[in-house]
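Written out below as structure tokens is the structure these notes cover.
Residue numbers (our numbering): 1049 to 1291.
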């Protein structure tokens, strides 16, 4: 089974490191990564921010949710960024930082749908995208919104091709092909997720396939080719795999 390899890889990230040690030699960018909120906001207030700059002051997010048992997988390019990501990970919100670290074990539900974390940048992003699914569950199962989010969180996982935060994704294919964390993510998808999808055990939704390079075709492997496509297009099959 492929999943232990990916989770095992991320065990090498210790408390003080926000970049995986095997990735460090391959991360060379024109602008030095932001290492703190103060570093970032100083540039922001002087209109010097490049949206493609990495935020190594934030914990990486290589995946979200239980990547072994999920029945819906969403492939994305990298975690985004909002101002309050730094605040959410600060000493003032220890439970969120603890949850982010626990997420690296790949056994937790989809943390950004937890009621305590809906206010975070990730919480706002994902709740907005899952709202239509949650409302359908409310209608069909006659359950509360909180219960609908909990059900989704237990069934859905997201895998990021590039695990580091930036507002805009602009990592070259050459870097991705060399980066150990990206190669681990691709291997996990090929050896585990796609095989489950072929057996109709899971639904696979792919964004940014130019970089993921998923070639397999199956009714429950959905490659989204346009940024304007929403989950409305696949709501029925989505509900089938989380109900």
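Think of the CB as a built atom: it goes at the ideal place given N, C-alpha and C, for glycine as much as any other residue.
*Cβ of residue 1199 within 8 Å of Cβ of residue 1185?*
For residue 1199 and residue 1185, yes; Cβs fall inside 8 Å.
*Are the beta-carbon atoms belonging to residue 1232 and residue 1057 less than 8 Å from one another?*
In contact: residue 1232 and residue 1057 (Cβ atoms closer than 8 Å).
*Give me whichever residues DSSP pairs with residue 1255 in a beta bridge.*
Looking at the DSSP assignment, residue 1255 forms a beta bridge with 1272.
*Per the contact definition of three or more C-beta pairs closer than 8 Å, is the segment 1200 to 1215 in contact with the segment 1118 to 1133?*
Touching, yes.
*Given 8 Å as the limit, is there contact between the segment 1138 to 1147 and the segment 1215 to 1223, that is, 3 or more CB pairs closer than that?*
Short answer: they don't touch.
_Tell me which residue opens and which closes the alpha helix (DSSP H) that residue 1123 is part of._
Counting along the chain, residue 1123 falls outside any alpha helix (DSSP H), though it belongs to the beta strand (DSSP E) covering 1120 to 1124.
_Give the list of continuous alpha helix (DSSP H) stretches no shorter than 4 residues that lie fully inside the segment 1174 to 1217._
Within the segment 1174 to 1217, the runs of alpha helix (DSSP H) that reach at least 4 residues and sit entirely inside it are, in chain order, 1193 to 1203.
*Anyone know if the C-beta pair for residue 1159 and residue 1182 falls short of 8 Å?*
No; because the gap between Cβ atoms is not below 8 Å, this pair is not in contact.
_The alpha helix (DSSP H) that contains residue 1242, what's its start and end?_
Where residue 1242 is concerned, the enclosing alpha helix (DSSP H) starts and stops at 1242 to 1246.
*Where residue 1112 sits in the DSSP three-state scheme*: Residue 1112 falls in the strand class under three-state DSSP.
*Tell me whether residue 1245 is buried or exposed, calling it buried when 16 or more other Cβ atoms sit within 10 Å of its Cβ.*
Counting C-beta atoms within 10 angstroms of its own C-beta, residue 1245 has 16 or more neighbours from the protein chains shown and is therefore classed as buried.
_Tell me which residues share the same chain as residue 1202 and place their Cβ nearer than 6 Å to its Cβ, disregarding the 5 neighbours each side in the sequence._
Result list for residue 1202: 1157, in chain order.
*On the premise that residue 1254 lies in contact with residue 1123, defined as a C-beta separation below 8 Å, what is that separation, rounded to the nearest angstrom?*
Indeed they touch by this definition, with Cβ atoms about 5 Å apart.
_Three-state secondary structure (DSSP) of residue 1233_ = Helix at residue 1233.
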